[in-house]
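What follows is a single structure, written as structure tokens, with notes after it.
Residue numbers (the UniProt record's numbering): 1 to 83.
Okay, here's the thing in structure tokens:
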């Protein structure tokens, strides 16, 4: 369970990185062609798109952490039975 979610988070992080690079390129073009105000709008739109992706990653990380904690507790219980 944890490994699949970890790979999903890695893919989302890579997608976010690519999105931010694209946003930066668009912002530079917007600044050159239309000025600071247009650049700021491009940046705000690009960043808001990444925020939702990162929020989803956070939820997945919490799920993975919970899964690992449950597994650790099960291992502790098994260890206690052998004592």
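Even glycine gets a Cβ: it sits at the ideal position worked out from N, Cα and C.
Whole angstroms is fine: what's the gap from residue 71's alpha carbon to residue 6's? Approximately 16 Å, taken between the alpha carbons.
Beta-carbon proximity list for residue 15, same chain, < 8 Å, skipping 5 on both sides: Hits under 8 Å: 53.
Is the CB-CB distance between residue 12 and residue 56 below 8 Å? Contact: yes.
Here's the rule I'm using: 16 or more other beta-carbon atoms within 10 Å means buried, otherwise exposed. How should residue 9 be labelled? Classification of residue 9: buried, given that the 10 Å Cβ count is 16 or more.
From the DSSP output, in three-state form, read off residue 79 for me. Three-state DSSP puts residue 79 in a helix.
Alpha carbon to alpha carbon, how far is residue 27 from residue 74? The alpha-carbon atoms of residue 27 and residue 74 are separated by roughly 50 Å.
Taking C-alpha atoms, which residue in 82, 35, 63, 45 lies nearest to residue 3? Ranking the options by Cα distance to residue 3, first place goes to 63.
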